[in-house]
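J.: I am attaching a structure below and will ask some questions about it afterwards.
2 protein chains.
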Amino acid sequence: MGLSATFRCFRGCDGSYPLTQAIYRCPKCDGLLTVAHDMAALAETSGEEWRRLFDRRWSATSPSGVWSKREWIAPEVPEEAIVTTGEGMTPLVSSARAAGPVRRLASELGFGELLIKQCGTTHTGSFKDLGMTVLVSVVNHAVRSGALDVRAIACASTGDTSAALAAYGAAAGLPVVVLLPRGMVSVGQLVQPLSHGARVLALETDFDGCMRVVRELAARGLVYLANSMNPLRIEGQKTVAIEIAQQLGWQAPDWIVIPSGNLGNAAALWAGFSMARDLGVIDRLPRLCIAQAENANPMYLAFQAGVRGEVPAVVARPTQASAIRIGNPVSAPRAMAALEAMGGVVEQASETELADACARADRSGLYADPHTGVAIACAKKLRARGTIGAAERVVVVSTASALKFTEFKLGYHERTLPDIDAALANAPIPLPADVDEVAKHLV
Amino acid sequence: MGLSATFRCFRGCDGSYPLTQAIYRCPKCDGLLTVAHDMAALAETSGEEWRRLFDRRWSATSPSGVWSKREWIAPEVPEEAIVTTGEGMTPLVSSARAAGPVRRLASELGFGELLIKQCGTTHTGSFKDLGMTVLVSVVNHAVRSGALDVRAIACASTGDTSAALAAYGAAAGLPVVVLLPRGMVSVGQLVQPLSHGARVLALETDFDGCMRVVRELAARGLVYLANSMNPLRIEGQKTVAIEIAQQLGWQAPDWIVIPSGNLGNAAALWAGFSMARDLGVIDRLPRLCIAQAENANPMYLAFQAGVRGEVPAVVARPTQASAIRIGNPVSAPRAMAALEAMGGVVEQASETELADACARADRSGLYADPHTGVAIACAKKLRARGTIGAAERVVVVSTASALKFTEFKLGYHERTLPDIDAALANAPIPLPADVDEVAKHLV
């Protein structure tokens, strides 16, 4: 088919750059880059043919959900360079089933149909796997083909990004360097990158200082930068949109709700759904809700104020949804375009609201991390306000495994979390080891 | 097709009992029960037809891997009673790929092909989901059809079993009771059942005392017992064997290695592979390795001593592989039969061996929990000894998410675990925030 993809300026400056080039911003305007596909070549295959191909590849012998859509992502990466852990093809759990973990939650919140896309049920326990498999595979291809000569892939991160980068780097046999501020990060936050053998450098500076160092190392060509402005990650993340449509029998839902801080994942949903529509695989886009924590809500404030251009930065306050505690989101321009294209809205959730949403979800049989709690709480508000209709089909993207948030769950049930009213806390009941006594306390 | 399944005595006493009956032992000999299928009715469908049916059901719109094999499991449970979280269809990650998380590990250990079946990449983070979806669905069907009248489903457990039971019970809207010894269990071990709204009763007794109370409650008909002797769980767990064969293009591997304490999961592999062979879906059984922790090794000791009947109990010592710390395994008779049928062996791993296997696996890009470490360490020994040949294809079943074992990972890398030589420990490196200095420490 002769498919190809290149980096282009997101704002539209001239010029295109190979995906194997270590380039992170437009050389002309210093703005964001995007991955541009040869849509004319892709359109030579009909929507029906794409659907059949992708359905055939969703099978027991398929190694990866992301790479089962490889023509739409990075078509020039050869099979042997692909670094995969079996990411993607995660459950989409629906309230439409008589007995499943979303049923009671949907009924309590008044949804016609609520579905949870379980992106945390994956190798490193977060949505980040979807993007990191693409970034590391492209770098692997570039290094092995001689197009790129770096000593390591690097990021300044303390969370899911460093975990995913370290795992995929280890799988590829590529060195990984993680930079973080000394004394400001617990070893617990670093247990995944340490386990994967990443070189973890604790610098005598703050987080911004780490970013300055890693950018300078990248500028000198010593490391490849795996930060969130890199559009290769969005290419992988966009498959979540295609998978959701596929799991619904090639239908777009009415609404898609995603917790978002740096806003790259919201941009990825737009990229995935719009590519699927443009290639005739689905017939329309869902409406988008970007869900933010009230304590880190620059996009919410901008949207409420009618801002449609540059998003003013805020000082992000602590939130249990720590991965979206971001005051100056890198992908704000992309997310603004996504809101425009998808009839989107921005909503926010307070600490009590996100914790209450998690507790309700857990009692329904889900196990929701705080970010998914933000998304559920925001969806609840939109439903209560009538923005989401009673008969509409709503997909919430769950971005991480709650097994990463044991302290949060414990704190909730022990009622020790600051600023959170733990109305649904549950505690062990002490009893004597007497059968009659226990029989009185069974329900 | 008129398919059916009933409880029968594992030793062969007369009598059969409906799956909806609350029965846990043979009423005649007090021995284990098994689920017996109408194999003649199942054999009316050819092996080729079963393969095609199961392949068609491994798709984007399939709600559950376990229930995609429903005719082989609990054919009389109606669709609307099935309680599912999307369990099964987990990745089988192979060293045969050029770049994946098993490649380096397999090469270091000298395997021809090593594959890891990622059963921890699932709703509650453990293999237990596979069995619990069946147990809770059958109970749900029995309660809703009026065949069973209980106030709750109950277990005496502090680990993965109580987490899975609580999640599936919540999804079904069935009350769940977890009994545990007061003061001997941390709240951290209970965070999943508490979150799912289970009633957690902390009794003034030890673990055996809790078992006595829960059995008496079951004998009085007050609760349904979800303990590990219940063969319904094995019916769900056996799908892991069928899935592995399916993911290999309907081939059995040469070896299957599983960490096992109570030995129900080893019995489940036998049940799944032998049913697939008997119905013409695969042409042979793999060889089985039961992997035990040296600190809880009754099956290993019995096997070494040539015992082929009753397994003498041992006092299990503490092990990082806490879920298989069992001295008197419930399913020992089943596991003995599995070893006999599958040309099986039993191997053991010390604390340092299991921790070293985890560390090597993690550096290869996996993230191995201690039980998977036991299995990898045992496979390594069999390979080194030549029991497993250089060209053989070996599948290791990973039974839990390592995200449940952060303390173990931290302890290893901080070198604080007792009795463990943490040769591959990795620690953050403190550095000044100076680009030239950092550049010297990139690899």
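One line per chain: the protein sequences are A and B, in this order. 0 is the number of the first residue of the first sequence in numbering that gives the first Met the number 0; add one for each residue after it. 0 is the number of the first residue of the second sequence in numbering that gives the first Met the number 0; add one for each residue after it. We put the CB at the ideal spot given by N, CA and C, even for glycine. In this text, all values refer to a predicted model and were calculated from it rather than measured experimentally.
Using 10 angstroms around the beta-carbon of B:Ser194, count the other beta-carbons present and answer buried if the total reaches 16, otherwise exposed.
T.: Answer is buried; the Cβ neighbour count reaches 16.
J.: Going by DSSP, what residues sit across from B:Pro285 in a beta bridge?
T.: Answer by DSSP bridge pairing: none, since B:Pro285 is not bridged.
J.: Nearest-angstrom Cα distance between B:Gln246 and A:Ser63?
T.: Looking at the two C-alpha atoms, the distance is approximately 12 angstroms.
J.: Can you pull the chain B neighbours of A:Lys403, defined as C-beta to C-beta under 8 angstroms?
T.: Within 8 angstroms Cβ-Cβ: Leu402.
J.: Could you check the C-alpha separation between B:Val310 and B:Ala348 for me, to the nearest Å?
T.: When rounded, the distance between both Cα atoms is 19 angstroms.
J.: Which residues, taken in chain order from the region 39-60 of chain B, show a beta carbon closer than 9 angstroms to some beta carbon of chain A?
T.: Cβ contacts with chain A come from Phe53, Asp54, Trp57, Ser58, Ala59, Thr60.
J.: Hey, A:Gly85 and B:Gln117: beta-carbon distance below 9 angstroms or not?
T.: Yes; because the gap between Cβ atoms is below 9 angstroms, this pair is in contact.
J.: Return the bridge partner residues of B:Gln347 from the DSSP annotation.
T.: B:Gln291.
J.: Can you find a C-beta in chain A that's less than 9 angstroms from the C-beta of B:Arg232?
T.: It does not; no Cβ of chain A falls within 9 angstroms.
J.: Do you know how far the Cα of B:Glu346 is from the Cα of B:Asp207?
T.: Between B:Asp207 and B:Glu346, the C-alpha separation is close to 28 angstroms.
J.: Can you tell me where the alpha helix (DSSP H) holding B:Lys408 begins and where it ends?
T.: 405-412 is the span of the alpha helix (DSSP H), which, as asked, contains B:Lys408.
J.: Excluding five sequence neighbours on each side, which residues of the same chain lie with their C-beta closer than 8 angstroms to the C-beta of A:His440?
T.: Answer for A:His440: Ile428, Leu430, listed in chain order.
J.: By the three-class DSSP mapping on this structure, what secondary structure does A:Glu309 have?
T.: Correct three-state label for A:Glu309: coil.
J.: Could you give the residue range of the alpha helix (DSSP H) that holds A:Val190?
T.: Start and end: 190-194.
J.: May I ask you to report which of helix, strand or coil DSSP gives A:Tyr366?
T.: Of the three classes helix, strand and coil, the one that applies to A:Tyr366 here is coil, per DSSP.
J.: List the residues of chain A whose Cβ lies closer than 7 angstroms to the Cβ of B:Leu409, in chain order.
T.: Under the 7 angstroms cutoff, chain A gives Val186, Gly187, Val190.
J.: How many Å lie between B:Leu416 and A:Val393 at the Cα?
T.: About 46 angstroms.
J.: Three or more C-beta pairs closer than 8 angstroms, one from the region 290-301 of chain B and one from the region 349-358 of chain B: is that the case here?
T.: Result yes; three or more Cβ-Cβ pairs closer than 8 angstroms.
J.: Any idea which residues DSSP pairs B:Glu112 with across the strands?
T.: BP columns for B:Glu112 point to B:Arg392.
J.: Using a Cβ-Cβ cut-off of 9 angstroms, state whether B:Gly148 counts as contacting chain A.
T.: First, the residue type needs correcting, since residue 148 of chain B is Asp and not Gly in the sequence shown. With 9 angstroms as the cut-off, B:Asp148 does not count as an interface residue toward chain A.
J.: Which ranges does the beta strand (DSSP E) cover as unbroken runs of at least 3 residues, wholly within the region 138-214 of chain A, from first to last along the chain?
T.: Correct list: 151-155, 175-180, 198-202.
J.: Output needed for B:Ala171: all residues of its chain with C-beta closer than 6 angstroms, excluding positions within five of it in sequence on either side, in chain order.
T.: Contacts found: Val82, Val135, Asn139.
J.: Can you tell me where the alpha helix (DSSP H) with B:Leu41 in it begins and where it stops?
T.: Counting along the chain, the alpha helix (DSSP H) containing B:Leu41 begins and ends at 38-41.
J.: How many angstroms separate the CA atom of A:Arg382 from the CA atom of A:Tyr366?
T.: Whole-angstrom Cα-Cα distance: 22 angstroms.
J.: Who are A:Tyr16's beta bridge partners in DSSP?
T.: Beta-bridge pairing links A:Tyr16 to A:Phe6.
J.: Just checking A:Phe206 against the ligand ATP - is the residue's beta carbon closer than 8 angstroms to any of the ligand's heavy atoms?
T.: Only the bare structure without any ligand can be found here, which leaves the ligand ATP out of the picture.
J.: With C-beta atoms as the reference, is B:Ala166 less than 9 angstroms away from A:Pro100?
T.: Against a cut-off of 9 angstroms, the Cβ pair of A:Pro100 and B:Ala166 comes out as a contact.
J.: Would you kindly report the start and end of the unbroken beta strand (DSSP E) that includes B:Leu416?
T.: Run containing B:Leu416: none; DSSP gives neither H nor E here.
J.: Could you tell me whether the region 268-281 of chain A touches the region 300-317 of chain A, using the rule of 3 or more Cβ pairs below 8 angstroms?
T.: No: fewer than three Cβ pairs fall under 8 angstroms.
J.: Whole angstroms is fine: what's the gap from B:Gly271's alpha carbon to B:Tyr23's?
T.: Roughly 21 angstroms separates the two Cα atoms.
J.: Establish whether the CB of B:Met183 and some CB of chain A are separated by less than 9 angstroms.
T.: Chain A contact via Cβ: absent.
J.: Can you pull the chain B neighbours of A:Glu413, defined as C-beta to C-beta under 8 angstroms?
T.: Correct list: Val186.
J.: Given this structure, state the Cα-to-Cα distance separating A:Leu420 from A:Tyr411, to the nearest angstrom.
T.: Checking the sequence shown, residue 420 of chain A turns out to be Asp, not Leu. Straight-line Cα distance between these residues: approximately 9 angstroms.
J.: Taking DSSP's pairing of strands, which residues face B:Val34 in a bridge?
T.: Answer is B:Phe6, bridged to B:Val34.
J.: What is the residue span of the beta strand (DSSP E) that A:Trp254 lies within?
T.: 254-258 is the extent of the beta strand (DSSP E) around A:Trp254.
J.: Which stretch, first to last residue, makes up the beta strand (DSSP E) that contains A:Ser273?
T.: No beta strand (DSSP E) holds A:Ser273; the alpha helix (DSSP H) holding it covers 263-277.
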